[in-house]
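Undergrad:
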Amino acid sequence: MNETLEERLSMLMDGEVTPFETKRLVDEIDCNPHMKALWLRMNKQRAALKGELIDPALDISSSVMIHLNSTSQTSSLLNTKPWHISHFFPTHYLKACCYLLGFFLVLSSPLLNLNNFSPSDSFSKTNSSKTFNKNLPSPGNEALLVDLGSNFNGNLKNYRMVSENALEANYQLAGNEAVKIKVFFNDVPQREKLNLLESGITLHTKAGNEPIVLNVSSDQISNSKLIKISNTFFKK
Amino acid sequence: MDKEIALIELVKKGDKKAYNTLVLKYQDRLVFSVYKFLKDFELAQDIAQEAFIKAYKNIEKFRGDSQFYTWIYRIAINTAKNVISTKARASEVYDNDTTDQLLSESATTSENPENILQAEQLRSEINKALQNLPEDIRVTLSLREFDGLSYEEIAKVLSCPIGTVRSRIHKGREMLDQTFSKYNLSNFEARKYE
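Top to bottom, those sequences are chains F and B. For our numbering, count along the first sequence from 1 and bump the result up by 101. For our numbering, count along the second sequence from 1 and bump the result up by 2.
(1) Under 8 Å, do G174(B) and R140(B) count as touching if we go by C-beta distance?
(2) What residue from F54(B), V33(B), L45(B) has the CA that sits closest to A148(F)'s CA?
(3) Going by beta-carbon coordinates alone, are F54(B) and V165(F) separated by less than 8 Å?
(4) Less than 8 Å separating the beta-carbons of S126(B) and Y75(B)?
(5) Taking the alpha carbon of G152(F) as the point to measure from, which residue in C162(B), H172(B), E147(B) has its own alpha carbon closest?
(6) How many Å lie between T181(B) and S87(B) at the Cα?
(7) Note down the Cα distance separating L48(F) from F39(B), rounded to an integer number of angstroms.
(8) So, with DSSP's three-state summary, where would you put D156(F)?
(9) List the whole-angstrom C-beta distance separating A121(B) from L169(F), where the pair is believed to meet the contact cut-off of C-beta under 8 Å.
(10) In chain B, what lies closer than 9 Å to N144(F) by C-beta?
(11) I want to verify the contact list: residues of chain F whose CB lies under 9 Å from the CB of Y153(B), in sequence order.
(12) Helix, strand or coil for Q29(B)? Go by DSSP, reduced to three states.
(13) Could you tell me how far apart the beta carbons of E108(F) and R168(B) are, in whole angstroms, since I believe they sit closer than 8 Å?
(14) Quick one: what's got a C-beta closer than 6 Å to L143(B)'s C-beta in the same chain, skipping five residues either side?
(15) Using a Cβ-Cβ distance under 8 Å, would I161(F) count as near chain B?
(16) Taking 8 Å as the CB-CB cut-off, is A148(F) touching chain B?
(17) For chain B, check one thing: does any of its Cβ atoms lie closer than 8 Å to the Cβ of D156(F)?
(18) Relative to the C-alpha of L159(F), which residue among K184(B), Y37(B), T72(B) is closest?
(19) Does L9(B) have its Cβ less than 8 Å from a Cβ in chain F?
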């Protein structure tokens, strides 16, 4: 067995390696960017040979893996034993507290001007001005999206949720320049962030309405354009 | 028997890296198949993504008596049909042939993104490069890629050791990769933003 790693990768494509070897190569593809790029190219090459290559830049693997990772995190959280407040306080005591709180809210509503509060108003305005594809973000994320739109002088064209905690937004800047931005609502592992950088800009946000630009860098976009984009963000 | 069985077994044990390897391997083929069906590139990507997610969640049901690709292809096409049916319901057209009608409609409203043209160019370059490979390498690689023969079968057909088959196939792919690298995938990506 004196094949090079690249040769073994070629054998993996053809299903000609042992299970042990398969495991080693999978780990290699995962941790070695050179091997991952080679694996991607080899498979695109095969698709091209068979006339099945539709877009050389296509790579949906990051989105798939982010979705799977976020789903497993959610399910593991759901599997944990739920904490229940009634473990600490008797139910009749909690009921009494709820009644008191309700009573207080009813009495204080004229003072707090609660009647004017209508959560649906702000969202209906937003919905009418934009085209939504599917999976509407939660209210917090929606507000964030509006914020991003105003940072780009309202040039948000459209967006789509690529996973539970990330969306992809398309902007049309002045001069007819199109920019695609990936926005993460929660923390994602550094490795995922770097993967996604390959296809554009990564904008990392805090939970809440204030966006924070962590990475405005990309292998595919010129520095001048990146500077322009970051300036647009900080103009506000 | 699926040749991917070792990878699938890893996935069944919860190895997501192994699944990523499979996604990277089949994504182009699957998106292409769905695109042929729907003629909508963006939708084809979404459906392929959905199919990969569904396949992962149901991987225990994959018994390995068919190819992994055949299995995931079925999932993707069923997902595509569901999307079409949902569209049909949403448009409140209660015709029996609605699904077929919508399929033919989407077939005529092809999006044809710029990258599809570049892919066409790349496909033709790769095929040219294949024709220019040394004969022994070209024949060996063609038996693998187009006739789907295993290394052992190729060795029997060409009366040569299996090690020679391995190295010829690898060499062929390396040479084709030079053509591929000229087209540099990142260039395609960059053009999207310029």
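Glycine residues also receive a C-beta, built at the ideal position from the N, C-alpha and C atoms. The structure presented is a predicted model; accordingly, all values stated were derived computationally and were not measured.
TA: Reading off the structure:
(1) Taking 8 Å as the Cβ cut-off, G174(B) and R140(B) qualify as a contacting pair.
(2) When each option's Cα is compared against that of A148(F), the closest is V33(B).
(3) Their beta carbons are under 8 Å apart, which means F54(B) touches V165(F) by this criterion.
(4) Not a contact, by the Cβ cut-off of 8 Å.
(5) Checked all of C162(B), H172(B), E147(B); the closest Cα to G152(F) is E147(B).
(6) Taking the CA atoms as reference points, T181(B) sits about 42 Å from S87(B).
(7) Past the boundaries of the shown model lies residue 48(F); chain F is included only from 102 to 337, so the question cannot be answered.
(8) Three-state DSSP puts D156(F) in coil, outside helix and strand.
(9) That belief does not hold up - the Cβ atoms of A121(B) and L169(F) are roughly 27 Å apart, past 8 Å.
(10) Residues of chain B passing the Cβ test: L26, K27, Y28, Q29, D30, R31.
(11) Under the 9 Å cutoff, chain F gives M112, D115, E117.
(12) Helix at Q29(B).
(13) That pair is a contact at about 7 Å.
(14) Setting aside the 5 residues that flank it on each side, L143(B) is surrounded in the same chain by I171, G174, each with a C-beta closer than 6 Å to its C-beta; the list follows chain order.
(15) At least one chain B Cβ lies under 8 Å of I161(F).
(16) By this cut-off, A148(F) is an interface position.
(17) It does: the Cβ of D156(F) has a partner Cβ on chain B nearer than 8 Å.
(18) Looking at K184(B), Y37(B), T72(B), the one whose alpha-carbon comes closest to that of L159(F) is Y37(B).
(19) Chain F contact via Cβ: present.
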